[in-house]
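Here the structure is laid out as structure tokens; the discussion comes afterwards.
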Amino acid sequence: MYIGVPRERKPGERRVALVPETVAQLVKKGHQVGIETGAGAEAQMPDALYAEAGAEILPDAESVFSKAEFLLKVRAPLDDELPLLRPGTVLIAQMMPLVEPEVAGRVAKSGAISFSLDLMPRITRAQSMDVLSAMSTVAGYRAVLQGALLAERFFPMLMTAAGTIPPAKVLVLGAGVAGLQAIATARRLGGVVQAFDVRPASREQVESLGASFLSLPVQDGEGEGGYARAMAEDEEERERQALAEPVRKADVVISTAMVPGRRAPVLVSREMVDSMHPGAVIVDLAGETGGNCALTQPGDVVVTEGGVIIDGRLDVPSTMPLPASQLFSRNLVTFLSHAMQVWVGETQRAAELGPVPEDDEILRSTCVSAGGELVHKATRERLAAAL
Ligand SMILES: NC(=O)c1ccc[n+]([C@@H]2O[C@H](COP(=O)([O-])OP(=O)(O)OC[C@H]3O[C@@H](n4cnc5c(N)ncnc54)[C@H](O)[C@@H]3O)[C@@H](O)[C@H]2O)c1
């Protein structure tokens, strides 16, 4: 099988779909791997490392798209890449088809068979292919570092000859994958951490990391598939009221609360921001879906009149492109091995592939397009609603 990896072209995207370690694994299994020149440069991986791992270095995107039977990408193809997609090519990427259904529709029209790893079911045996978890781990860690730098204060309690400095008070909202990583990181730095999530099951995980779980009079928010459910407006208002005091006292708030397919809940209102002290920081990881803070400007860092800093930067995993690419590429290769096992089999030629097996939950859930059609129902519905 010829596996191709182009350079990511979306501005700000610094990750790459395969790293030399995973290239070597694929080459060892007998595949050929072609990497566009410079694909790993932003992630500290020059062409020479890929060549050493056994990859062919290709001069441009055109040659990668034309040679690849399996095309591995981080992001969905951009407008100028879409015309390069050939019928029958198998595209695997984090396409976010529910956010960008039009792009998924155009991929389908190209005749490519596409899989989007963000649609991975949250089941135990798919954990090693779960890019959302891997990228949330990077984002949760990085958010704390951003918060610590912006706050310009010590996280640990310091007892010095010049007296004692109290530890930073960190509040983490949403204790899913990113939130738990943020808690662990803030604790390692020595901060005093409180956290809250509407899923009662998260309490034990929060406490096991040494943070205290806020007991708030908010109803059970457990939804389907281990995710939170969307809260009604009055429930969200009650949650804001209950969070007012912990937010006021916090030096750094890391917010990660999200509900799949919905706008992120607004947990920090303008008034709550105004109650915070000058120099307090909110790092809002929910910016892609509107943000958990009413004043978040997705993509930007803003400072309020009262001196509160709100960091709504997007693409946080791309700020650590090397480890983010390592994790992403391991997810991808595990998915690829799974696809080889249950679908591609001995065929080993994309042109001879049979239909995507319906009885395999992992392939069925992640398959976006095949045979010129959008086969992912929820994406089809989103596209129809957007037209
Ligand atoms: N393969 C697997 O088994 C697998 C993989 C990853 C995650 N998970 C589980 O899935 C769940 C969700 O993980 P995620 O990090 O992707 O979630 P997510 O990114 O959708 O949301 C982040 C967190 O925000 C919380 N949240 C939503 N609304 C909130 C509100 N109004 N107030 C406070 N918190 C709110 C959610 O409960 C969640 O914990 C977790 O239980 C996680 O352990 C399972």
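Under this note's numbering, the first residue of the sequence shown carries the number 83, and numbering increases by one thereafter. Cβ atoms here follow ideal geometry from the backbone N, Cα and C, with glycine treated the same way.
Per DSSP, the bridge partner or partners of residue i
i	result
K111	Answer is none; K111 lacks a bridge partner.
A452	E455
E138	G116
R157	Q176
M241	T246
S294	Q276
D366	S337
E304	A310
V87	I117
I392	I364, V384
L253	Q276, V335
F152	I85, V172
CA nearest to the CA of residue i, picked from the options
i	options	result
L396	L108, S294, Q379, E286	Q379
V350	I205, L227, A368, A106	A368
P342	G303, A467, E95, Y309	Y309
G436	I444, A421, N413	A421
G120	P102, D161, L445	P102
D162	E234, V185, A230, R352	V185
V348	M358, V115, A106, A326	A326
V334	A244, E315, T267	T267
A250	A233, G256, M241	A233
A376	R352, R91, M358	R352
A194	A225, S215, A158, A208	A158
E286	G273, P299, E306, G258	G258
R89	S451, M83, A106, Y132	Y132
V252	L262, G273, E306, T242	G273
S411	M211, P203, R204	M211
S297	I139, G245, P328, R207	P328
S192	R168, G245, G292, A314	R168
I444	Q323, K331, V424	V424
A442	F417, K459, T371	In the sequence on display, residue 442 carries Asp and not Ala. When only C-alpha atoms are compared, the closest one is F417.
Residues near residue i in its chain [Cβ-Cβ closer than 8 Å; skip 5 each side]
i	result
L360	The residue asked about is misnamed: residue 360 is Pro in this sequence, not Leu. The residues are G388, G389, V390.
A433	E151, G170
K92	R157, L160
D382	G394, R395
Spatial distance of residue i from residue j (CA atoms)
i	j	result
S447	S196	12 Å
G187	T171	15 Å
I247	E319	35 Å
V146	R431	16 Å
R464	E289	38 Å
A143	P128	17 Å
I85	L414	12 Å
K149	R281	47 Å
P238	K155	40 Å
G256	V384	22 Å
A466	L199	22 Å
V438	K110	25 Å
Q408	G136	17 Å
Q114	V189	24 Å
T104	V254	34 Å
A456	A230	For the record, residue 456 in the displayed sequence is Leu; it is not Ala. The alpha-carbon atoms of L456 and A230 are separated by roughly 44 Å.
C449	R224	31 Å
L180	E304	22 Å
V428	V275	What sits at residue 428 in the sequence shown is Glu, not Val. The straight-line gap from Cα to Cα measures roughly 52 Å.
A502	D356	The question about residue 502 has no answer here: the residues shown for the chain are numbered 83 through 469.
A208	T386	42 Å
S337	A99	28 Å
G292	E440	43 Å
I174	Q301	39 Å
Enclosing alpha helix (DSSP H) for residue i [first to last residue]
i	result
V355	352-356
G261	259-270
G436	Premise fails: G436 is in no alpha helix (DSSP H) and is neither H nor E.
Q209	Premise fails: Q209 is in no alpha helix (DSSP H) and is neither H nor E.
I409	Note that residue 409 is Leu in the sequence shown, not Ile. Unbroken alpha helix (DSSP H) run through L409: 403-421.
S192	183-192
Own chain, CB closer than 6 Å to residue i, minus 5 neighbours either side, in chain order
i	result
P399	M217, V220, A221, A406
P403	R96, R97, E124, A125
S215	V259
Q228	V365, D393
First and last residue of the uninterrupted beta strand (DSSP E) at residue i
i	result
F197	195-198
Cβ-heavy atom distance, residue i to ligand 2, below 7 Å
i	result
M340	Annotation note on ligand 2: not contained in the displayed structure, which lists ligand 1 as its ligands.
Cut-off 7 Å between Cβ atoms - residues of its own chain near residue i, not counting five sequence neighbours on either side
i	result
G373	A346, D366, P380, G394
R235	A250, D333
P183	T461, R464, L465, A468
S284	A257
Q176	V156, R157, S198, L199, D200, V213
I139	I117, T119, D129, Y132, A133
G94	D397, S400
A339	L255, G256, A346, P347, L349, A368, N374
P141	T119
Proximity test, Cβ basis, 8 Å: residue i and chain C
i	result
Y132	No chain C appears in the structure shown, which is made up of a single protein chain.
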